[in-house]
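As numbered in my numbering, residues 13 to 173 make up the sequence shown, in order.
Virtual Cβ for every residue (Gly too), placed ideally from N, Cα, C.
Source: prediction; values computed, not measured.
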Amino acid sequence: MEKTDREEFERYARAYKDTAYRVALNFTGSPEDAEDAVQEVLMRLYTAKGPFHGEEHVKRWMIRVTLNYCRNLARAAKRRAPVPPEELALSVPFEAEEQLGLFTAVMSLPERYRVPLYLFYYEDYSVRQIAGILELTESNVTTRLSRARAMLRAELVEERV
């Protein structure tokens, strides 16, 4: 790998490794599996042959590779059980108690709802972009977001009662 390629890799790795970790954590529910996913994605980025067309292309590519790796991991028979959201919250720092409650509620959602919700609210992707990343229709993404919001509302209202 040439020096400019290495510098470009290091720049992309610094910029998007946290995003890859958060996507993997949202998908797997396991910090260990999320760390494994990030390592794999960074290795694939390092060995990627094709040219990238800007920062957004790299970010979307890394999210796509992360999700594919996590799906393959989920299919593996020896997959670890996900960490309960309450324990998972201990490994993530929060500024306010409300953030901890919201994080726990989001992490308790099924993966099919949790990942689109994360991409929409935390990574600021549009419904169309999420549909492309997750290989779903836009209406399917909209439905999943709607159901995720309804589940979160129910969960958060239940906690307050």
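How far does the alpha helix (DSSP H) with residue i in it reach, from first residue to last?
i           : result
residue 133 : 123-133
residue 143 : 139-146
Could you compute how far the alpha carbon of residue i sits from the alpha carbon of residue j?
i           : j           : result
residue 163 : residue 49  : 27 Å
residue 70  : residue 64  : 6 Å
residue 134 : residue 125 : 14 Å
residue 86  : residue 40  : 8 Å
residue 136 : residue 88  : 31 Å
residue 142 : residue 68  : 13 Å
residue 31  : residue 75  : 8 Å
residue 160 : residue 73  : 25 Å
residue 34  : residue 140 : 21 Å
Under a CB-based cut-off of 8 Å, is residue i close to chain B?
i           : result
residue 117 : Absent here is chain B; the protein component of the structure consists of one chain.
How close, in whole Å, do the beta carbons of residue i and residue j come, if the pair is a contact with beta carbons under 8 Å?
i           : j           : result
residue 54  : residue 27  : 12 Å between Cβ atoms; not a contact.
residue 157 : residue 122 : Not a contact, Cβ separation roughly 13 Å.
residue 44  : residue 120 : With a Cβ gap of about 19 Å, residue 44 and residue 120 do not count as contacting.
residue 57  : residue 21  : 6 Å
Is it right to say residue i is buried, meaning 16 or more other beta carbons lie within 10 angstroms of its own, or is it exposed?
i           : result
residue 169 : exposed
residue 19  : exposed
residue 138 : exposed
Within 7 Å: the Cβ of residue i and any heavy atom of the ligand SAM?
i          : result
residue 52 : The ligand SAM is not among the ligands present in this structure, which contains no ligands whatsoever.
Margin query: Just to confirm the assignment: which complete alpha helix (DSSP H) runs, minimum length 4, are found wholly within the region 38-84?
Written below: 43-59
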